[in-house]
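Which chain is which? The protein sequence lines are G and F, in order.
End of the first sequence sits at 196 in the numbering used here; the numbers just go up one at a time, nothing left out.
End of the second sequence sits at 89 in the numbering used here; the numbers just go up one at a time, nothing left out.
Note that the Cβ used here is the ideal one computed from N, Cα and C, for glycine as well.
Nothing here was measured: the structure is a model prediction, and the numbers come from that model.
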Amino acid sequence: MSKAHVSTNSPVVQYDNPKLAMWAFLGGEVVFFISLILLIVFTRMVNGNYEADFRSLLSIPLIAVNTFVLLTSSYFVVRSLDRLHGGEAHPKGMRNNLLVVVVLGIAFLGGQAWEWMGLFRDGLSMSSTYGSAFFTVTGIHGTHVLIGLVWAVFLLVGNARRSYTERDYLSVENFGLYWHFVDVVWIALFTIIYLI
Amino acid sequence: MSKKPNYFAVFGILAALTLIEVFVSYISVGEIKYPSLGIIAAVKALLVLLYFMHLRRDSRVYSYLFMGGFALSIPLILIMTIVMPSLYR
Chain G
1 MSKAHVSTNS PVVQYDNPKL AMWAFLGGEV VFFISLILLI VFTRMVNGNY EADFRSLLSI
61 PLIAVNTFVL LTSSYFVVRS LDRLHGGEAH PKGMRNNLLV VVVLGIAFLG GQAWEWMGLF
121 RDGLSMSSTY GSAFFTVTGI HGTHVLIGLV WAVFLLVGNA RRSYTERDYL SVENFGLYWH
181 FVDVVWIALF TIIYLI
Chain F
1 MSKKPNYFAV FGILAALTLI EVFVSYISVG EIKYPSLGII AAVKALLVLL YFMHLRRDSR
61 VYSYLFMGGF ALSIPLILIM TIVMPSLYR
């Protein structure tokens with residue numbers, strides 16, 4: 001764990017700059033996603049008929065499975081980081097777990113694409129009241145998952161050709177923070193859009 | 001440094017809470033349905049933040065940065081849930 005640490009020469013607490021930057025970025029992302037969630041909440045408050053016009057079209061079992069897939073991917077991210085932590089690093093174990101994350105991330109996006117195709121077939125479009133809010137919010141979240149996937153592939157490819165260094169730990173940790181945040185956002189979206 | 005958390009146990013709790021959430025959404029439990037779904041989602045998010053993102057063991061500065069996002073969103077929440085809907089009615 002790369003906690004904030006105290007220098008032996010100075011009482012000043014020093015932080016890992018990339019990790020500090022990642023948390024600052026995630027703080028900004030909180031504002032961004034709260035504004036998107038508010039878009040859904042506002043649309044529901046103003047228009048009503050959420051259940052009849054929109055929620056009845058959604059497949060809760062499909063998205064529950066998709067939610068489980070994303071939660072599982074978060075578990076494998078933390079396992080991946082765990083392989084680089086402690087007395088001895090296991091880069092191969094880290095890579096194997098990261099590979100599972102990539103597969104699960106692709107499965108999540110596949111599930112989302114399947115859901116979207118079904119909704120398009122049912123007549124929901126970007127021009128409809130709830131469709132515009134739904135596709136915007138879930139589309140932006142899906143884009144975040146896609147960016148995370150690209151990041152994970154870069155970590156896999158980058159670490160495949162060289163031995164483990166302390167920098168790798170920080171890069172995997174920062175990726176993990178991003179991925180878990182995307183998971184936290186989905187936990188909120190799943191409840192607000194699909195269940196409530 | 002505190003003992004390493006049991007990540008699999010955290011994952012198991014998250015999966016179980018998701019199942020409970022889906023179950024609660026299908027049954028009609030009156031006025032407690034929506035608050036209970038909100039509380040379950042908040043507990044799930046907290047578990048990910050505290051254990052998977054290590055906020056429980058990491059420096060408080062990271063928590064402050066993250067929570068700062070929520071603090072900055074308060075005016076936005078008030079505008080979008082109170083001011084704007086009243087203008088539309």
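Residue i, buried or exposed, once every other Cβ within 10 Å from all chains shown has been counted against 16
| i | result |
| --- | --- |
| residue 122 of chain G | exposed |
| residue 48 of chain F | buried |
| residue 80 of chain F | buried |
| residue 12 of chain F | exposed |
| residue 32 of chain F | exposed |
| residue 20 of chain F | exposed |
| residue 19 of chain G | buried |
| residue 23 of chain F | exposed |
| residue 43 of chain F | exposed |
| residue 143 of chain G | exposed |
| residue 41 of chain F | buried |
| residue 25 of chain F | buried |
Pair within 8 Å by beta-carbon distance, residue i and residue j
| i | j | result |
| --- | --- | --- |
| residue 156 of chain G | residue 95 of chain G | yes |
| residue 39 of chain G | residue 100 of chain G | no |
| residue 79 of chain G | residue 64 of chain F | no |
| residue 159 of chain G | residue 61 of chain G | no |
| residue 184 of chain G | residue 145 of chain G | no |
| residue 69 of chain F | residue 31 of chain G | yes |
| residue 69 of chain G | residue 33 of chain G | no |
| residue 151 of chain G | residue 74 of chain G | no |
| residue 172 of chain G | residue 84 of chain G | yes |
| residue 192 of chain G | residue 45 of chain F | no |
| residue 52 of chain F | residue 26 of chain G | no |
DSSP-derived helix/strand/coil call for residue i
| i | result |
| --- | --- |
| residue 86 of chain F | helix |
| residue 109 of chain G | helix |
| residue 7 of chain G | Any reading at residue 7 of chain G must be qualified, since the residue scores a pLDDT of 43, below 50, and its modelled position is unreliable; the value itself is stated next. Of the three classes helix, strand and coil, the one that applies to residue 7 of chain G here is coil, per DSSP. |
| residue 54 of chain G | coil |
| residue 200 of chain G | Residue 200 of chain G lies beyond the stretch modelled for chain G, which goes from 1 to 196, so this question has no answer here. |
| residue 89 of chain G | coil |
| residue 118 of chain G | helix |
| residue 123 of chain G | coil |
| residue 183 of chain G | helix |
| residue 82 of chain G | helix |
| residue 17 of chain G | helix |
| residue 2 of chain G | Caution is warranted here: a pLDDT of 47 is assigned to residue 2 of chain G, below 50, making its placement in the model unreliable, and no coordinate value can be reported. |
Those runs of the alpha helix (DSSP H) which lie wholly inside the region 126 to 169 of chain G and span at least 4 residues: 129 to 160
3 or more residues per run - each beta strand (DSSP E) lying fully within the region 25 to 60 of chain F: none
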